[in-house]
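Chemist: Shown below is the structure under consideration.
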Amino acid sequence: MNTSAEIQQAAPGAAPLLELKGISKRFTGVRALDHVDLDVRAGELHVLFGENGAGKSTLINVISGTFPPDEGSFRFDGEEIRHLSPQRARAIGISPVFQEFSLVPSLTVEENLFLGREISAGGVLRAGAMRKKARALIDELGFDLDPGRRVDDLSRAHQQMAEIAKALLGKVRLLILDEPTASLTERETGRLFELIAKLKAQGVGLIYVSHRMREIRALADRVTVLRDGRHIRTLDAARVTDGELVELMTGRRIDVLFPAIPHAPAEVAVDVEGLTLADGSVKDVNFHARAGEITGIAGLVGCGKSELVRAIYGLEPVVAGTVRINGTPYDAPAPRASLKRGVAYFPANRVAEGLALSRPIRENASMTALDLPAVARFGLLRQGSERSLVGAAMERLKLRPPNIERPAGALSGGNRQKVMLGRALTRDLSVFLFDEPSVGIDVGAKLEVYEFMKQLVEAGAAVIVVSSELPEVLALSNRLYVMHHGRIAAELAGPEKTEQNVLASFFKEHLATEAA
Amino acid sequence: MNAHASSTNAASLAARPGITASGRSLLGRIGFLPALLILVVVGMSAVDPQFYGPINILNILRNASFLTIVACGQALVIIAGGFDLSVGAVVALASVVTAKTMGMLAAAFPGNDALVIAGGVAAGLGSGAAVGLVNGLCVARLKVSGFVVTLGTMSATAGVALMITSGIPVYGMPQSFVREFGRAQFFGLPTAIYVALIVLLVMVFVQRRTLFGRYVYAIGGNADAAIVSGVGIRRHLVGTYVLSGVLAALAGILLTAQVGSGQASFGGDRMMLQSIAAAVIGGVSLRGGVGRVEIVAVSALFLTILGNALNLLHIDSRLQPVFLGVIMVAAVALDELGRRRKARV
Amino acid sequence: ETKWFPMKIYDSSSGTPTPAEYTPLAKAEKPYNICVLFPHMKDSFWVAVAYGIATQAATSNVNMNLYEAGGYENLPKQLSQFDDCMAAKADAIIVGAISGAGLMKKFEEAKAKGIPVVGVTNPLPPNALPAANYVDFVAMGEVTGEGLLAQSKPDEELNIVTFPGPAGSGWAESFNEGFKKAVAKNPKAKILGEKFGDSGVAVQLQLIQDALQAYPSMNVIWGSAPTAEAAIGAVAEAGRTDIKVISSYENQAMLDALNRGDILAFATQYPVGEGAIAIDQAIRLIEKKPVTALVQPVAAVIDKTTVPKLQMDLVLAPASWSPVYSVKAK
Amino acid sequence: MSDVSPSLPSPADRRSALSALLWQAALPIALIMLLLGFAAVDSAVLTPGNLVNIAQQASYLALFAMAQTVVILTRGFDLALGPTVSMVSVGAALAMAAGVAGGQEPGTVLLMGLAAGFALGAACGVFNGVVVAYLGVSPFVATLGSYNIAIGVATTISAGRPVQGVPDLFSQLLYGGSLFGVPAAIVIAVLVGIGLHLLLTRTVYGRSLYVIGTNPRAAAVAGLPVKRLLVATYMLCSSLAALGALMMTARTGSGEPNLGGSLSLQAIAAAVVGGTSLAGGRGGVGTAVVGALFVTILSNGMNLARIDGYVQMVVLGAIVIAGVVLDRLRLERR
Ligand SMILES: Nc1ncnc2c1ncn2[C@@H]1O[C@H](COP(=O)(O)OP(=O)(O)OP(=O)(O)O)[C@@H](O)[C@H]1O
Ligand SMILES: Nc1ncnc2c1ncn2[C@@H]1O[C@H](COP(=O)(O)OP(=O)(O)OP(=O)(O)O)[C@@H](O)[C@H]1O
Ligand SMILES: [Mg+2]
Ligand SMILES: [Mg+2]
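Chains A, B, C and D are the protein sequences, given in the same order.
Throughout the first sequence, residue numbering follows this note's numbering, covering 761 to 1276 in sequence.
Throughout the second sequence, residue numbering follows this note's numbering, covering 62 to 406 in sequence.
Throughout the third sequence, residue numbering follows this note's numbering, covering 356 to 685 in sequence.
Throughout the fourth sequence, residue numbering follows this note's numbering, covering 272 to 605 in sequence.
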């Protein structure tokens, strides 16, 4: 590998803001970081790029003082720093936005913003001062966020906003963003990018982690590629192609980011009429999905798109409307009944709703198939048969490492998603509901997930994809619904299915209300 | 873009008129408990006029005071994600230590009651703090679950209390401690009620207005988040257990003053279970991060009144636990169902 | 060494109590290992029994080890301790039974193994053991009832609430039954209510406070020693000096309270003597010497008039004595 | 990276593998050391008679610890276990006494006792399970409620007195009897332990239990009937408690209204000391048995070593904490 983008040593004189040399970090049995070097300059956005489990988050944790490194030197603003604690890091202006949020769900947004940095006098909180400051910050950021709400009442997108706001409270010299857009939609992403530009202009250094090529293209000044905990190369973003980056990251060539999917729409598999949910997040929705095609659902944060598919599967209480699966009415949906009817759901939050992390992969993959004779007879498990069933599924999905007896918690994000997908292969299913199928997984894994969807469609299944990542739904779906405020705002197909049109329907209603 | 942002802001807030938020603020914070309490009070007053007699009310308030004091500390520990099974044993230990110390000081400094009382109270509170410290350090340093640590210290503490006394009540406290502290009344109310009120007010203040209170919520809500946000969680964890120990000791001292002797039979499993019950029925989540001491106090009052009511209604004392159990479960179940329904509307 | 013997007892071996005197053997032939099981050691009553046992063990020159189960709720623990005593090859076992009925199987096992067992203080089913000494709790309750009646004027209305102790303990129920039986002889005496509850002062205090409200006409409180102790304060606080307090058993607090005039009377079964006799019975069984199969101490109600004549060291352990759990033979 | 290809084991690796193995067996090793330590103090500890004695005592506690373990696996616990034991004991004894009084055949009387005992146990379990699963009440409050109810029922139906009249056949079967010289209690506990182990590891039910305990939301999303399984689990717990209660009733020969006393916490302590996690999803028959043996050996040893009662309480407290610290270290080594 020898690209023209190879970076020369940083110009002498301009000492980097952050300079790491030979950082190593070992967890029991895992070398998460192996002599990694990294430097970040003031006013620069430095992208960390690597597969799931490459060590990006670990590096960020070291930089923000959460883990002490086993070895290596750490310089910030030219000064050697030892024994960095989270408090110290924040004090010197290192502000991380973590991938696993550092929010306390039972506290309000405001309480979370100030956590660890409360304004207080002699141990007594000064609520008024904090409220004012929180309001001002949120307004300045332009986030649609109510500082008085409890974090566990918020959608993941709003939690992400709260996490970003938390990082920007107080003086910031180095902002670290670990996959900040993983659950943001276009509009919030736009706001965030504006903000990033502003911070760069103010001379703030940024470290940015993302699996989305588009963002790297749009934002990066330099890119550092990590693989298996090792520093592979640091490149100038302007002089490197996507293909080169992906190849550096994975060690193999990946040509396309989205596979071409041959849609062959057949009979209607899912038919929803006048669906309204108890919490009002979905109102009077009509919608259908056909076998042999991918039906996409896009929409802004909180528009109810997740709730729609969750209701079909039986996770949200329905108050009105009918659902038909393959033509037969389906009353009172519940997960077990849905699976029996051939409907599967893949949740967006794989840790909270998908996997039992401390249990073996085998058990996680066969969790939805425990009623099948291949796995159990008369309530007794058939472990040999189960093992071969799951083993075959995981082989097909190219699980790495292929050992199905390891706990699911030991897997990287992409491989966790594969375990979830494996469930689809353990039983006969005809309808697949994907909620944010590629959140947090690397480019290579994404492609494998898309390939998997392609195989499903080819086999004649109905696939419904809910996604906040617009390029993804646009590229995958044959027909695309756009939701807005719990209702279907548009149905796009064929040549109408463009980014402009989707964005237009996102904002159509605002324009209407503004005009009124 | 800015215009868009602000209009979306207004639009989305209008479209979702804070469904869960309002459910939380009203029911989540207060719950059905006060309503249930009023129901019991009104019902009992209608059935039996003895119930609202001044003496009965004083008895109820005083007995609720002991429970409230212990339950406040327990609630704090539970909010921080822990569990304190040792409170009952601490009540007994503090009682015994206080009485023994006073007895010894009274022998050494006869007549100097102020010194004797101060010394005894300090020793009692100190013994509670010591047990709390052991609990806290084990939980925070050895990272063992609070349930197991305090199960261990419960046994050990009870053992020490019994070793000190051999089970025989400890006498020899100055009469003024019993007369002017234990059985005294100010403006018609016994000392214990004032102490409980002060504890409650301080705890409400601590929970809402202090860094410590905030950190306790944060640690219980998500300890990892608290750590990465720069909250030193060990000290605060230790703090909750020490506070719980001290408050349990305080209740033990008040009981000692009221009864007039130090007893290793105070507290026990009963006080421990009751304090946890008061906290949990008062809306403190055993998963941590949630709960308000004022509601816990209401719940302590509820439990005390329930016991009193069953006695006034002349219910067979063997059957009383059956009523108590059913009402306890029903109260919490109603609360839970009500919350679920409200959150849906 | 002690001035306890000869001690006045009833010999109830034949079924009917006959007055007798008990005198122990001077010394055991060998330093036997005697295992002692107590329900608990949490009050001065059981400490008094332990005092008698330890003192007599030293006098008779035998080894003694005492295990307590931690409370009346721990029958399984006592069963295990009994097993441990048998496993440790004790020469004899003395049991203060948590539940006489509940230990019957153990008694059979011990008999099969040839280990003599002596029952002390707590009643057992008839002929459960080769030797035992205890007062019948029902009889003891009756004694207190009769004591109350004797102390009250003939036409005095007695409105009684009983606080027997923990429900399900067995002993509380038996005391209560005997008391009610005795009191029933007087038509002027009425039992208003029976309030079972844990026998700690704190719990009893709450029960009494509630009873003062629930039964405004109550003028007699009858209960366990912690009940009486709690009652003193509660009654004084409520200004109800007319209420009489009687305790169904003895402890240091009861003695002090009686001397101060805070309670009317308490009952005693001379627990120190019981403990001492149990050791002697065990030695006699080991040595296969004649033994009184059922000794019953002469239970009495102690009031202001009888207290000066009371042989104190048969009722309570001296204040200076701290419990010992084992005695080694010389 | 955790997923590196396997390399040849170096001597250092082998040594660390050995130490890892030792750590895995930390508690059983501690147990054996404990036993040897006590044997050094008193030779009676290691006699066959005492070992059978320990095993027999541990059988009961192990049954109750197993009962707690199944609910702890689902992130719950059963405070009502002790009172359930009391209620079952009294109920079964009353049923048998009635049978004897009614002149029934001994076999019929026995069946009446077993039926009454298990019915009461199952009723408790259904109550706990329904309140926890369907009414959404926390296991603590739910089982504290049934704790009170069971105490009330036990003392009321027995009038607070031991219930006599348990037929000899019953005691013979569940206590006095033996199989190849092994006392009945041990035989039953071993059989139940094997059965429960198979249930937990080889059936759909057991598998579901671990999933529910590890991640209840994921279990619901995967279509497991979480509520029904919870009810079944509380029923299983109470039924095991009922079995233990019947065995203890056979041991005492009478129905005891206070039999359960402080068993609830003892059983939880035994389960947790053995390595069952209160956070759910971790533990099994093995952890329950090891914990029960640990507590039993400790108290037997201290009794034989003539340690005072109150000192025993202090030692027990310290050992409970030490046991769990050991378990945590063990998990960290993995
Ligand atoms: N606390 C921990 N304990 C043990 N192993 C850990 C821990 N945190 C991370 N690891 C391991 O370290 C390696 C690097 O993980 P890291 O989270 O840094 O990857 P990442 O590059 O951020 O991946 P992703 O793109 O999925 O976020 C992985 O193998 C992971 O399993
Ligand atoms: N302006 C807002 N401020 C705070 N919370 C909001 C706001 N708008 C919506 N929410 C919350 O977001 C939640 C619904 O969002 P959710 O993300 O689940 O919907 P969604 O349609 O699935 O969106 P997505 O799939 O993009 O995440 C609701 O609980 C709602 O209360
Ligand atoms: Mg990461
Ligand atoms: Mg969503």
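Built from N, CA and C at the ideal position, the CB exists for glycine as well.
1. Using a C-beta to C-beta distance shorter than 7 Å, which residues of chain B count as neighbours of Ser866 of chain A?
2. For Tyr481 of chain D, return the contacting residues in chain A, with the cut-off set at a CB-CB distance below 8 Å.
3. Check whether the Cβ atoms of Ala922 of chain A and Thr945 of chain A lie closer than 8 Å to each other.
4. Between Asp988 of chain A and ligand 3, is there a pair consisting of the residue's CB and a ligand heavy atom that are separated by less than 7 Å?
5. Is any heavy atom of ligand 1 found at a distance shorter than 7 Å from the C-beta of Thr818 of chain A?
6. Hey, is Glu497 of chain C's beta-carbon within less than 8 Å of any beta-carbon in chain D?
7. Expressed to the nearest angstrom, what Euclidean distance is found between the alpha-carbon atoms of Asp938 of chain A and Asn1124 of chain A?
8. With a threshold of 16 other CB atoms inside 10 Å of the CB of Met667 of chain C, please say whether the residue is buried or exposed.
9. Excluding the 5 residues flanking Ser603 of chain C on each side, which residues of the same chain have their C-beta closer than 6 Å to its C-beta?
10. When you compare the CB of Leu1099 of chain A with every CB in chain D, is at least one pair closer than 8 Å?
11. For Leu671 of chain C, return the contacting residues in chain D, with the cut-off set at a CB-CB distance below 7 Å.
12. Heavy atom of ligand 3 less than 7 Å from the Cβ of Asp938 of chain A, yes or no?
13. Within a Cβ cutoff of 7 Å, which residues of the same chain sit near Phe389 of chain D, ignoring the five residues on either side of it in sequence?
14. Residues of the segment 214-244 of chain B with a CB closer than 7 Å to any CB of chain C: list them in chain order, please.
15. DSSP beta-bridge partners for Gly546 of chain D?
16. Is any heavy atom in ligand 5 found nearer than 7 Å to the beta carbon of Gly1200 of chain A?
17. Ordered along the chain, which non-local residues of its own chain (more than five positions away) have a Cβ less than 6 Å from that of Ile80 of chain B?
18. Apart from the five residues just before and just after Leu440 of chain D, which ones in its own chain have a Cβ nearer than 6 Å to its Cβ?
19. Can you confirm whether Gln324 of chain B, when its beta carbon is compared against all beta carbons of chain C, has any partner nearer than 8 Å?
20. Enumerate in chain order the residues of its own chain whose CB-to-CB distance from Ala136 of chain B is below 6 Å, with the five nearest sequence positions on each side excluded.
21. Tell me, to the nearest whole angstrom, how far the beta carbon of Phe437 of chain C is from that of Leu421 of chain C; I am working on the premise that it is less than 8 Å.
22. When every heavy atom of ligand 1 is checked, does at least one fall within less than 7 Å of the C-beta of Ala284 of chain B?
23. Suppose you measure from the CA of Glu1256 of chain A to the CA of Ile1054 of chain A; what does that come to, to the nearest Å?
24. On the three-state DSSP scale, how would you describe Gln1260 of chain A?
25. Mind listing which residues of the segment 1124-1139 of chain A have their C-beta closer than 7 Å to chain D's C-betas, in chain order?
26. List, in chain order, every chain A residue whose beta-carbon is nearer than 9 Å to that of Ser206 of chain B.
27. Per the DSSP calculation, Pro652 of chain C is bridged to which residue(s)?
28. Can you say whether Met304 of chain D is buried or exposed, counting buried as having 16 or more other CB atoms within 10 angstroms of its CB?
29. Residue range of the alpha helix (DSSP H) that Ala544 of chain C falls in?
30. Helix, strand or coil for Met358 of chain D per DSSP?
31. I want to see whether chain D comes within less than 8 Å of Pro171 of chain B, judged by CB atoms only; does it?
32. Between the C-alpha atoms of Arg85 of chain B and Leu385 of chain B, what's the straight-line distance to the nearest angstrom?
33. Determine the direct distance from the alpha carbon of Gly187 of chain B to that of Asp598 of chain D, and round the result to whole angstroms.
34. Would Ile587 of chain C and Val600 of chain C be called neighbours here (beta carbons separated by less than 8 Å)?
35. Is Ser367 of chain C close to chain F? Criterion is C-beta to C-beta, closer than 8 Å.
36. Return yes when at least one heavy atom of ligand 3 lies under 7 Å from the C-beta of Gln859 of chain A, else no.
Modeler: In terms of the structure at hand:
1. Tyr278, Gly282, Gly350, Val351, listed in chain order.
2. Ala1116, Arg1119, Glu1123
3. no
4. Not so, every heavy atom of ligand 3 lies at least 7 Å from the Cβ.
5. yes
6. no
7. 27 Å
8. With fewer than 16 Cβ atoms within 10 Å of its Cβ, Met667 of chain C is classed as exposed.
9. Same-chain partners within the cutoff: Thr499, Phe530, Ser579, Ala622.
10. yes
11. Those within 7 Å of Leu671 of chain C in chain D number zero; the least Cβ separation is about 20 Å.
12. Asp938 of chain A: yes, Cβ under 7 Å from ligand 3.
13. Ser510, Ala513
14. Leu223, Ser227, Gly228, Ile229, Pro230, Arg244
15. Partner(s): none; Gly546 of chain D has no beta bridge.
16. With respect to ligand 5, the structure shown offers nothing to examine, as its ligands consist of ligand 1, ligand 2, ligand 3 and ligand 4.
17. With a pLDDT of 37 at Ile80 of chain B, under the threshold of 50, the modelled position of this residue cannot be trusted, and the question is left open.
18. Pro377, Leu381
19. yes
20. Ala340, Val345, Gly352, Val354, Val357
21. In fact, because the Cβ distance is near 13 Å, the residues do not count as touching under 8 Å.
22. no
23. 16 Å
24. helix
25. Result list: Met1127, Thr1128, Leu1130, Ala1136, Gly1139.
26. What Ser206 of chain B touches in chain A: nothing, since even the nearest Cβ is about 16 Å away.
27. C:Ile364
28. exposed
29. First-last for Ala544 of chain C: 544-549, but that is the beta strand (DSSP E), not the alpha helix (DSSP H).
30. helix
31. no
32. In this predicted model, Arg85 of chain B has a pLDDT of only 49, less than 50, meaning its place in the structure is not dependable enough to derive any value.
33. 31 Å
34. yes
35. The question asks about chain F, but that chain is absent: this structure's protein chains are A, B, C and D.
36. yes
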